[in-house]
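Student: Keeping their order, the protein sequence lines are chains A and B.
Numbering of the first sequence is given in the numbering used here, commencing with residue 29 and proceeding in unit increments.
Numbering of the second sequence is given in the numbering used here, commencing with residue 2 and proceeding in unit increments.
Using N, Cα and C, we set each Cβ at its ideal position, and we do this for glycine too.
For reference, the structure I am asking about is given below.
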Amino acid sequence: MSVRHALLAFLSEAPKYGLQLRQEFEESTGQVWPLNVGQVYTTLQRLERDELIESDGRGEETGPQKVFHITEAGRKELDTWLSTPPDTTEPPRDELVIKVLAALRVPGVSVHDVIQVHRRYLVELMQQWTRLKEDEAEFDLTFALVVDAELFRLDSVVRWLDAADGRLKRAALEAPSPKPGPLIRRRLVVRR
Amino acid sequence: MSYLELRRVSKSYGVGATEVHALADVNLAVERGSLVAVMGPSGSGKSTLLTIAGSLEEPTSGEVVIDGNAMSSMSRNDKARLRRRTVGYVFQDFNLLAGLTAAENASLPLELDGISVKNAHLAGIAALEELGIADRATHYPDELSGGERQRVAIARAIVGERSLLLADEPSGALDSTNSEAVMRMILAACHRGVAAIVVTHDAQLASWADRVVFIRDGRIVDQTVPPPSPESLVADLSAPSPRL
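Next comes the structure, spelled out in structure tokens:
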């Protein structure tokens, strides 16, 4: 589940307070993914229990004033998650969006490499669906429609990855821009 | 042995400060009977890769080998002959000659190669038949639909004994049904032993290929691994069996 991994991504930048993590999570996901306050702290508790993060031990038990560090095991878990394809029996787009946003924060990780891992995986999946169509779909209309639906769904995700890749490349060539937080949030709120 | 091989192919345009590296150190091998898709965004070098693979352009460095013949060691005339007899191209905008009928367009490469008009015409008609469009043989391009024009373009690319098919965004502006038909035709040519490369930015087109190669900034950065049996997908379908 990605709240864990989003928090690990933020902690991979530097040690942070619980309160800070909550704010960063809200800012970076731009309300794509609303979550309640308690969820951040219970997730931090579980991460600590699983030894993926450590706290400095001061302050209240799970409260906002505690400083958290990512552990070596936490970094490994984060690396694995970033390049593990999401479960494609469910629409993967939202989880992919979070992965790409998280990859932007992780020092030493190329977001373009992360995008390519997922692009290749999706195209391989599309190759398999297309094989089914090649062999059988001509003869079975219902099956052809199901296969088409799956191909278009996967295609849309690849297109989003392509667009994200291009946008990030252009952004890197241009002068550093101000933090995109407020504008993106406003747009997303209007859409919702 | 691979039918087409690009060995450490690089291509630069311009010199000094204006030098642009269109391709850098590209290795690619295509067997007879296989379809390889090269997927990348605009400006990634995929069209340059295709023109170099078909020896329409020479690489700045590296070697192109077609059917065991290293292009760099061939004379200009020999290369042109090999190209005429071996390589068929399909372009995004079809590139049919407006003053020729479908049959004349399809048989043109053979006529240019010195084959008699009659024999070339017969081969042209055979190619149109293969693509299910022989009934339009006497029509001119402006009397054909987009899908029909692209069929004629594919017929022209596979006419005679052509064994290397190079296609640049072959579905052009066609709708998804016609795009699928185009890819089925290219695949059918591969099943008869043709080696083919399709360059595209479209994942749905690329997914017809046996292997998809990803190109970025003139470099091949990744490629698909041969997919497992597609049967596993059917078992994974969470909905009731689509066949019911």
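(1) If I measure Cβ to Cβ from Ala25(A) and keep anything under 6 Å in the same chain, skipping five residues before and after, which residues do I get?
(2) Rounded to a whole number of angstroms, what is the C-alpha to C-alpha distance between Phe96(A) and Ala131(A)?
(3) Under 8 Å, Cβ to Cβ, is there at least one residue of chain C near Val151(A)?
(4) According to DSSP, what are the bridge partners of Thr201(B)?
(5) Hey, would you say Ser108(B) sits closer than 8 Å to Ala124(B), going by beta carbons?
(6) Could you tell me the alpha carbon to alpha carbon distance between Arg193(B) and Val31(B), rounded to whole angstroms?
(7) When you compare the CB of Asp183(A) with every CB in chain B, is at least one pair closer than 8 Å?
(8) Please return the same chain residues whose Cβ sits closer than 8 Å to the Cβ of Ala23(B), not counting the five positions on each side in sequence.
(9) If you draw a straight line from the C-alpha of His33(A) to the C-alpha of His202(B), how long is it?
(10) Is the region 166-181 of chain B in contact with the region 85-96 of chain B, if contact means three or more CB pairs nearer than 8 Å?
(11) By how many angstroms is the C-alpha of Ala199(A) removed from the C-alpha of Phe215(B)?
(12) Which residue comes first and which comes last in the beta strand (DSSP E) that contains Arg9(B)?
(13) Suppose you measure from the CA of Glu82(A) to the CA of Arg133(A); what does that come to, to the nearest Å?
(14) Under 8 Å, do Val17(A) and Leu160(A) count as touching if we go by C-beta distance?
(15) Quick check on Val183(A): does DSSP put it in helix, strand or coil?
(16) Let's test the definition: count the other Cβ atoms within 10 Å of the Cβ of Ala21(B) and tell me whether it reaches 16, buried, or not, exposed.
(17) Buried or exposed for Met2(B), going by 16 or more other Cβ atoms inside 10 Å?
(18) Check each residue of the region 185-197 of chain A: if its Cβ is closer than 7 Å to any Cβ of chain B, include it; give the result in chain order.
(19) Determine the closest residue to Ala12(A) out of His146(A), Lys104(A), Glu178(A) and Arg147(A), with distance taken between C-alpha atoms.
(20) Based on Cα-Cα distance, which residue from Ala81(B), Gly55(B), Ala128(B) and Leu113(B) lies nearest to Ala197(B)?
(21) Can you check whether the CB of Leu49(A) is closer than 8 Å to the CB of Val68(A)?
(22) Taking the alpha-carbon of Lys119(B) as reference, which of Arg152(B), Glu130(B), Ala104(B) and Arg85(B) has the nearest alpha-carbon?
(23) Over what stretch of residues does the alpha helix (DSSP H) that includes Pro182(B) continue unbroken?
(24) Could you tell me if Arg147(A) is buried or exposed, where buried requires 16 or more neighbouring beta carbons within 10 angstroms of its beta carbon?
(25) Can you name the residues that DSSP bridges to Arg212(B)?
(26) Let me see if you follow: with CB-CB separation under 8 Å, is Ala168(B) close to chain A or not?
(27) In the structure shown, what three-state DSSP assignment does Ile20(A) receive?
(28) Since Gln224(B) is in the alpha helix (DSSP H), which residue starts that stretch and which ends it?
(29) Using a C-beta cutoff of 8 Å, does Gln73(A) count as contacting chain B?
(30) Buried or exposed: which applies to Ala182(B), given that a residue is buried once 16 or more other Cβ atoms fall within 10 Å of its Cβ?
(31) Let me see if you follow: with CB-CB separation under 8 Å, is Leu179(A) close to chain B or not?
(32) Do we get a CB-CB distance below 8 Å when we pair Glu158(A) with the residues of chain B?
(33) Report yes if the C-beta distance between Val153(B) and Leu98(B) is below 8 Å; otherwise report no.
(34) Thinking just about the alpha-carbon of each residue, which of Leu169(A), Asp141(A) and Asp163(A) is nearest to the one in Asp193(A)?
(35) Provide the residue span of the alpha helix (DSSP H) that contains Ser83(A), from first to last.
(36) Can you tell me which of the three DSSP states Ala30(B) falls into?
Tutor: Inspection of the coordinates gives the following:
(1) Nothing can be reported for residue 25(A): it is not among the residues displayed for chain A, which extend from 29 to 220.
(2) 20 Å
(3) Among the chains of the structure shown, chain C does not appear; the protein chains present are A and B.
(4) Met40(B)
(5) yes
(6) 15 Å
(7) yes
(8) Lys12, Ser13, Tyr14, Gly46, Thr49 and Gly219
(9) 31 Å
(10) yes
(11) 22 Å
(12) Leu5 to Tyr14
(13) 19 Å
(14) Residue 17(A) lies beyond the stretch modelled for chain A, which goes from 29 to 220, so this question has no answer here.
(15) For clarity, residue 183(A) is Asp in the given sequence; the question names Val instead. In the structure shown, Asp183(A) sits in a helix (DSSP, three-state: H, G or I).
(16) For clarity, residue 21(B) is Val in the given sequence; the question names Ala instead. With fewer than 16 Cβ atoms within 10 Å of its Cβ, Val21(B) is classed as exposed.
(17) exposed
(18) Val186, Asp190 and Gly194
(19) Any question about residue 12(A) goes unanswered here, given that chain A covers just 29 to 220.
(20) Gly55(B)
(21) yes
(22) Ala104(B)
(23) Going by the sequence as given, residue 182(B) is Ala instead of Pro. Ser177 to His192 is the extent of the alpha helix (DSSP H) around Ala182(B).
(24) buried
(25) Val37(B)
(26) no
(27) The structure shown does not extend to residue 20(A), since chain A is modelled only from 29 to 220, so the question has no answer here.
(28) No alpha helix (DSSP H) holds Gln224(B); the beta strand (DSSP E) holding it covers Arg220 to Gln224.
(29) no
(30) buried
(31) yes
(32) In the sequence on display, residue 158(A) carries Thr and not Glu. With 8 Å as the cut-off, Thr158(A) counts as an interface residue toward chain B.
(33) no
(34) Asp141(A)
(35) Note, Ser83(A): premise wrong, no alpha helix (DSSP H); beta strand (DSSP E) at Ile81 to Ser83.
(36) strand
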